[in-house]
Structures are given as C-alpha cells and as structure tokens.
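Structure representation (structure tokens):
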C-alpha cells in the first residue's frame, strides 16, 4: 500500500504539468478556437533556450527569464501564423495546421539541440517540500500543481475583472460581432498565444529534469495535456486541472506495478477513449455542417 | 462510371509498366532499392489519403497500423504459416482493420478534431508497446523471406509495384462508387449526406477500416523489404510526418501518393549526398503542408489545375437526352403523402413552431411561406429528421416517422434540398446523382440533368456555377423519386427567366416522378404559379392556408409580410 | 454632403452576384429604409458595407473617405456600426458587460440606459437569458456606444411582437433626430416607412424603387406589388 502511495505521489509532478498544459490548451481553445498540438513544443523551445544558456555558463535565473521570453515569442509566432492565415478557417483545418507545425518544430528542435544527445538540465526547485504519510512530496510537484491552480484562478480573474479579459470573452463568444465593435481581434489573439507560451515554458522547465530532456519527448507531452483537456471537455478549467493531476497519479501508480509499468504511456490513450465514448452519447451532428 | 474507372485504371497500369520497366530494367540496383521504398511509402500514403484526403479527418497513427501489419507478417513467418509473403501481407492488413474501426468509433460524432487526439494518443501508446516487443524472429536472426520469383532487388520492386497498382486501381473504382461519393459528401457536409440516405457511421467506419487495411499492407511490404524491423520504423514521428506529406501532396490522388513517397525517400538521400542534415525534410513538409492548408489546394490539385489549363478542355455541353429516358414515375396511393399534426419545436425557452398542422396531398405541389424567422426551415428540419426532439406527429403516407434518424427518413421517402450549397465540389455531376439516387441508369441520369438544364454528367461540380448547383440539388432529390420532396428556396439566386422555367419544372414533378412537393419559397410569383395549396407561417403558427390566390390577399398574411393593417390597406 | 455614400456597389456570394451596381446614400439625421422580399440582397448589402464579406466592386464612403477595402474593425473605428440580423449579443456576458465591451472613450453607459431604460434592471442578467426585445435593445445600445456616425440595422423586427417593434422604431427615430445617419433594412414595411425619410426597395440585388417614405406608405398597392408580385 505504501509503495503504491509513494509512486502515486511521485506522479504528482507529472500530473501538475499535465494539468497546467491542459489548462493552457483549454484556454487557447476557448479564446481563439484552436486545438493546439504545438502547446508543449512551444514550451519545449523556451526550455531549451534555458538549457543552452545554462550550459554556456550564464547564471540560472536570468536564463530562466530569457527562456520564458523565448517561449512567449515562439507562441506569438505560431499565433501570428494562425490568426493571419487561418483566422477564418474551420476548427479542424486549424488543428491540422498545428499538427503540421508540430512536425516542423520538432525537426528544427532536434536539429538545434543535437537529437537524443543528453543535456544538463538544472533542477530549478530541488528538494522536498514536506512529508505526507511518510512519503516525500517534492517542491517541484507542489509547484507545478500550484502553478496550474494559480493559472486557473488567474485566468478566471483576468477574464472576469479586466477590460482586456472582457474583450477576450466577447471575442470568444462572437468573433465577428467583436470585430464589428472595433475590438482589435488579432492583437488580442496574439496575447492569448503569448500568455500560454509563457506558462507552458515555465511548466516544462520544472518537469524537464525528471524526463529525459530531449526535444521530442517534451514536445509530445501535448498528448497527456490534450487528454486532460478532454476530461474538461475543452470547457472547464477546474475539471481539466483535476483530469491532469489524476492522469499523473494513475501513471505514477502504474509505474510501481511491474507487469504494467512499461505500458504506462498508454494511459492517456485509454483516458481519451473513455472520455470520448462517454461524452458523445447525445451529440448527433458535426456542428455547423 | 465504370468506363471512367476503367480508363483511369488503364492509365495507372500503363504508367506502372513503363516506369516500372525503366526503373527495374535500366537503373542500378541501389536506385531500384530506393524506388521500392518510394512505392511502399506511396502505399502508406494512399491509406492516409483515404481518411485525410477523402473524408477530411486528421489521422495521426497510420504507421502504427503499418506496424501491426509488419508484426503480423513477422509472427506468421516465425510460425511458418502457409501461403508465403503475399498471403501474410494480406493477413497483416486484415489484422489492422479491427484496430482502425475501434479507434474510429469514438470519433464518429462531434468534432473531427477528436480523431486527431485519439489517433495521436494511440500512436504514443503503440510506440511504447512496440518498443517492448522485439520483432518476431529478430533474436534468431530469422528474416522475412521474399517469394522466390521476386527475390532480388529488381524482383521485389516488381512485387511491390504489383501491390501498389492493385491498390491504386481498387481505390480508383471505390472512389467512383457510391461509397466513395459518400466519403466526399460526408467530408463536405454530414447533414447533406444524411439527407441522401447515407449513414454517416457506415461511411466513416468503412473509410477507417479500408485505410487501416492498406496501411497494414504497407507494413507487411516493409517487412519483406527490410527482412527484420525495429520499432522506430513505425514511431509516432513517422506517422506525424507522413500526415504532413499527405496534406502537402494530396495523397488521395495516385500521383500525390507517389510524389509524397518520392519526397519522403529521396529528400534525405539528396540531403545526405549534399552533406546536409537529413532531418530538414520534416521542416519542409511542415511548411508545405501549412501552405497547402492555407491555399486549400494540394500539390496534386495544383498540377491537375495547370494540366487542365494546358490541355484545352472540350466544351462540356449541357446534358441532353429525350424526355422518354426519364425514369418512370413511382405510382403511389392517393391521399395525404405527408401529414404533420400539432408539430411543436422548442429551442430553450423559444417556441420556433407552435402546433403546426400541414398536409401535403399526393400528386400535388404545396407551398409553405412566411416572413423571416417564421419557422419554415425549422419545419423542414423537423420533417427530415434533423432535430433532436419535437412534439407532435409526422406521418409519411400514414407511417409515423418519430424516432427515425435523418438517413433512414431519406431512405423511407423524405428528401430535402438546402438553402446553402452543400454539394461536394470534388464529385462529378453524374457522381452526385448516383449518390442521391441509387441504381440510376446512364440514360436516366442524362435525361434528368437535361430536364433541369444541368451540365453533362462528366462535369466536375467544382466547375459548375452556384446557380446551376442549386438546380443540381433539385435534380438529386428528384432522381430519387421519393414520396415527398421538400424544396427549400430553390429559386434563390436565380434570374427571373430561370425562375419561371424552374417553376414549370417543379409543377411537373408530381406527374413525371410521382413525388409530392412541399415548396418553401419567397418568390411569390413562383408560389402563385406552381402551388395548389399554400400554408402561411408567422411566429411559428399557421395563420392561413388554402389556394394561393385567396390566401395571399388575406389581411393577416399582408400584415405578416408588410406590417400593414387591413384598415390601412383599405384607407 | 451625405454621411454615407455607396456607389456602383457589387457583391457576390459563392460567385453569384447578389448585389449589383447599387447606389444608395444616407444623410446625417435621417433614416434611409431598404425594403424588399427575402433574397433581395438586403442582408448581403449590409454585410458588404460593414466588411463581413468582401465587395466585388464599387465604393463605400463615410464623410468622403472610401473604406470599401478596410477590415471590419477599421470601418468601425471610421464611424460605421452594424447591428446584425439575429440579435448577436455576447451570450455569455451580462447586459452591462455587453455594453462595456463596446464602450469607447468619451461614451458613457448612461447614454445606453437613457435610450433603453428597460435594460437598467437587467444589467446583471446574462444576455442569453434576455427576451428577444431586450436583446435587440442591447445590440442597438451596444452599437451606439462605439460613437458611430452611421448605423446599419438589419431586420430589427424579425420574430418580435408588434408592440416591441414600435418601441424599437421610435428609439431609432430618436437616434436619427440626434444627428445619426441610419440605414434600416426591414421586411416589416409599414412601421419602417412611418419613421423613415428615404425609401429604397430592392429586388434581385438591384434598387427597383427610390423615393420618399411617406409617399410609398400611402400607396399600399404599389408596395404590395413590389413585395408579393402578382
């Protein structure tokens, strides 16, 4: 029992990351209507800027800031492509574009970072936060979950109390009506892309030391992130948050059971399958067609 | 239809013989070896073209299906199963089918994006599963043997070429069949497809199943090509980049699959010879795919468009055939063809239709009119089965339609047209009619098209102007000769002369085809000209019904349309 | 000079001409009414004017500045406001939030509430829960807060009870009296004509009648013929 708990808690950091990435995916979908397959890749790009600077001997915290700035810029760059050329495209075309972009980003990323070559990724927040039922809970796991919750709260506050947030909600509700009122639609969309870029970058910086920090593995964290977002049906931030954490816990537990541990990355697939089968009981038509 | 398929297949076969002969006969072994790889990738791309290109869904685990095929071949080899490689490859393809169907199931409804998520997560899961299993026979250095006849590099090239050509021909025939047309229709508009009696589930699942089968075959071919395999051959990244290539080149065209195969195989080769990093290829595929998505045109479509410009097209005449070639009318019992009683539809707190009664008598044209927002389109949606719920009863010739989904109502005899154009532009005019009406003969097709001034059956819908497409929409439902036709503003966007002519045609429908017609229309001249009965809706209620000449002069009707009270008209 | 001058305008929809070589104009302080049966091209006209769909040819000028190529947002900042058909409130936002979205510097929420006092007690209600009439008031008020020079209104009366339509019409008349140029597209002819100045009737994408509103109102037979044919 204790072993299971230990490994479940070990899955918390991953869960927090999935949750944060998932919440960002929901944020992007709700506000600019894109199911973004490049979400984790954007953060990965920023993370590798941090690694490069750190390996070149720069002090760590300025490197972190530079990395987050880089991630934000990559997010804005992808956002520019999406708003400029695919603003009026269908949801499924937009998703296809992000898939294509993912292929390109991973290829560039692998080239620039030397493929599977191992990197020295500094652990930003080493050590244990507290002990719970005799199990060490790391600072990293507390931080990722905290960050995910913070993002959820901040997103709520931002959307509900600021003028920019209000405009964003209007934009998400009826893009054309918003544009007709003179709202700067493209600028606002880029803001969304930049914000999610910054947050995913920070999340990936925290989790990177625990994974093999290679560009592809980190970029593909988008899979559990989208699974979490599906748990929230791409609508609810809090359910996505919960979905991500549970996903991490289950993965952690699975890794302690020898017979299934090597198959644990199949868990997001099972979750996606279950959620989809459950959620489509009623709907009948592909909307608007 | 058949003839066009045969012609296209013949082109593929001749091209294959010529190119195959040149490659196998003249090129050095190494290039033949590479060419084989191009063809195998081409097979995988064809499988992807079916799902991504024809049904328009995002499928990101095609190489996982290929992996299933390859591993199956490996097991059959290890088990010394009878039949040899060709049979094993087919079994490998079949092994991938249940998986394709199972993964397609959760994506049947809702947004197509779900399939992207489910396939990507499957590819991840499959990656780890495959990584834990060595290729069957690998530890004993057991290679997958090639058939004796096709053993050398040249021989195996021919072996793969045979598979490629067979698949290309099968897909060519499929794409011109009613099933193939239904894929395109579903991609373009699920509702419109269902309105022709197409089952969306069958269309999508069949596409997934056939696609998985072909992908499985490509894996089997790869097993024979390399002898033994590693999991990296089928990694998720391979699936992703294959998807980008398919989007870029248009893998649902035979040439698109080959161009894609060439790019995938030759690009790294060229880059290698130039001492450049080979992974640049994926960057270019990503750019190419983004470009194709933004212009909405794949490489193959660009080539075809330019080819059409080079080769002066023969002017396609309007379809013509004697009226005697029109299909015989279906004789039906007299009395009410469609009877709607107390139909009430609510959207939340809004009542869109409120206790509407309406009967369309067999052998007549009835009209349904009313100002904007009166509920006319909602009425059609309810009758044709596109609303999730309504109250009241809808009977077709006495048979209640409640509980029947749209495609079954269509098969039962309720057909409708749409206000907006929903015909898949990739279809030919004849292909569209074949989709709308099963078992129509070539001369009947021509006769119906000629009757409505539509173009020749071989014309592509994309080259038909929007006004004529609306006529084509009418031609489709007429060809099906259903019990009841619901025409939703067929004259919108037509000139005055065209409207007059269309009016004559609509008036002839009951006699020529045996179908009763309910015409929703704003052109009052048209309504007066063709309808024997007219029902007026306002705020979801019937405010008048009867012969048009009488109804249109009633006070409440004028008021509904003009906001003029009877008194002010009198004054 | 007229506030809004549209000359020789053509708009296609799916390659099909829906509006062809059309000329209309609206003066400050006046209401131009565009009437016509469904499918005449009235909505397409307004969508072309505000930039929702591109125009194929011709010009659209506000105060003499041509805007026919600008994005919708730019046209809005140039002084054009479009109240779309179908009461396009931001459904998830409250009444007051809907108004705040469009609140430009110099404008005041009080103006909106002064025009439609009915909205005051509904300010914290989600817009999707408002009645049809309230939603229509909200979108008109919302457009007003962008401080427009020209207001385009599409099918304001669709699906609303006559008493509410009368209420809306008088509000629109008030706006015009305060100096706004209004282009009112309607199917519900009588009331629109009773508040309007200049009347256009469209049929198949062209203006088939251009004259005084009162005159047309007094000849119902002419109107009947233009609408219902026969």
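Residue numbers (our numbering), protein chains in the order written: chain E, 60 to 348; chain A, 629 to 1199; chain L, 663 to 892.
Think of the CB as a built atom: it goes at the ideal place given N, C-alpha and C, for glycine as much as any other residue.
Item                                                                                                                                                                                                : Value
Buried or exposed, going by whether 16 or more other CB atoms sit within 10 Å of the CB of residue 1194 (chain A)?                                                                                  : For residue 1194 (chain A), the predicted model reports a pLDDT of 43, less than 50, meaning its position is unreliable; a value from the coordinates is still stated below. Under this definition residue 1194 (chain A) is an exposed residue.
Considering Cα atoms alone, identify which of A:823, A:773, A:635, A:633 is closest to residue 1033 (chain A).                                                                                      : A:823
Mind checking residue 651 (chain A): buried by the 16 CB within 10 Å criterion, or exposed?                                                                                                         : buried
At the level of alpha carbons, what is the spacing between residue 1053 (chain A) and residue 817 (chain A)?                                                                                        : 11 Å
Using a Cβ cut-off of 9 Å, pull out every chain L residue sitting near residue 166 (chain E), in sequence order please.                                                                             : Within chain L, no residue comes near residue 166 (chain E); the closest Cβ sits about 34 Å away, beyond 9 Å.
Which residues in the same chain have their Cβ closer than 8 Å to the Cβ of residue 1127 (chain A), if we skip the five residues on either side of it in sequence?                                  : 1119, 1151, 1153, 1154
Under a three-way DSSP split, which group does residue 729 (chain L) fall into?                                                                                                                     : coil
What residues from chain E crowd round residue 922 (chain A), counting only those whose CB sits closer than 7 Å?                                                                                    : 144, 145
On the three-state DSSP scale, how would you describe residue 643 (chain A)?                                                                                                                        : helix
Could you tell me whether the Cβ of residue 999 (chain A) comes closer than 7 Å to any Cβ of chain L?                                                                                               : yes
Of all the beta strand (DSSP E) runs that stay within the bounds of the segment 823–857 of chain A, which reach a length of 3 or more residues?                                                     : none
Between the segment 248–263 of chain E and the segment 783–793 of chain L, do at least 3 Cβ pairs fall closer than 8 Å?                                                                             : no
Terminal residues of the continuous alpha helix (DSSP H) containing residue 936 (chain A)?                                                                                                          : 927–938
For residue 978 (chain A), count neighbouring Cβ atoms within 10 angstroms of its own Cβ and tell me buried if that reaches 16, exposed if not.                                                     : exposed
Just curious, the beta strand (DSSP E) that residue 775 (chain L) is in, first and last residue?                                                                                                    : Segment 771–777 is the alpha helix (DSSP H) holding residue 775 (chain L); no beta strand (DSSP E) there.
Please classify residue 1009 (chain A): does DSSP put it in a helix, a strand, or coil?                                                                                                             : helix
Locate the alpha helix (DSSP H) running through residue 755 (chain A), then write down its first and last residues.                                                                                 : 741–760
At which residues does the alpha helix (DSSP H) containing residue 736 (chain A) begin and terminate?                                                                                               : Segment: none, residue 736 (chain A) is in no alpha helix (DSSP H) and carries neither H nor E.
What residues in its chain sit with their C-beta under 7 Å from that of residue 688 (chain A), if we drop five residues either side in the sequence?                                                : 744, 747, 748, 751, 867, 868, 871
Answer with yes or no whether the minimum CB distance from residue 1181 (chain A) to chain E is below 7 Å.                                                                                          : no
Use the C-beta contact count for residue 904 (chain A): other C-beta atoms within 10 angstroms, 16 or more gives buried, fewer gives exposed.                                                       : exposed
If contact means a Cβ-Cβ distance below 7 Å, which residues of the segment 724–752 of chain L contact chain A?                                                                                      : none
Looking at the secondary structure, which residues open and close the beta strand (DSSP E) in which residue 996 (chain A) lies?                                                                     : 993–997
Quick one: list the residues of chain E neighbouring residue 1234 (chain A), beta-carbon separation under 7 Å, in chain order.                                                                      : This structure does not reach residue 1234 (chain A), given that chain A is present from 629 up to 1199, and the question cannot be answered.
Compute the Euclidean distance between the alpha carbons of residue 959 (chain A) and residue 645 (chain A), then round it to the nearest angstrom.                                                 : 53 Å
For the segment 231–264 of chain E, enumerate the residues whose C-beta is nearer than 9 Å to any C-beta of chain L, in chain order.                                                                : 231, 232, 233, 235, 236, 237, 238, 239, 240, 241, 242, 243, 244, 245
If you draw a straight line from the C-alpha of residue 875 (chain L) to the C-alpha of residue 693 (chain L), how long is it?                                                                      : 10 Å
Comparing the C-beta of residue 746 (chain A) with each C-beta of chain E, is any distance below 7 Å?                                                                                               : yes
Taking Cβ positions only, does residue 1052 (chain A) come closer than 7 Å to chain L?                                                                                                              : no
Any idea which residues DSSP pairs residue 1023 (chain A) with across the strands?                                                                                                                  : A:967, A:1028
Tell me which residues of the segment 798–823 of chain L have at least one Cβ-Cβ distance to chain E shorter than 9 Å, keeping chain order.                                                         : 801, 804, 805, 807, 808
Tell me the rounded alpha-carbon separation between residue 1173 (chain A) and residue 1139 (chain A).                                                                                              : 23 Å
Listed from N- to C-terminal order along the chain, which residues in the segment 700–722 of chain L have their beta-carbon within a distance smaller than 7 Å of any beta-carbon of chain E?       : 712, 714
Taking Cβ-Cβ distances shorter than 8 Å, what residues in chain L pair up with residue 816 (chain A)?                                                                                               : Per Cβ cutoff of 8 Å: no residues; residue 816 (chain A) is ~14 Å from chain L at best.
Can you tell me which residues form a DSSP beta bridge with residue 1083 (chain A)?                                                                                                                 : A:946
Could you name the residues of the same chain whose beta carbon sits closer than 7 Å to that of residue 861 (chain A), not counting the 5 residues immediately before and after it, in chain order? : 850
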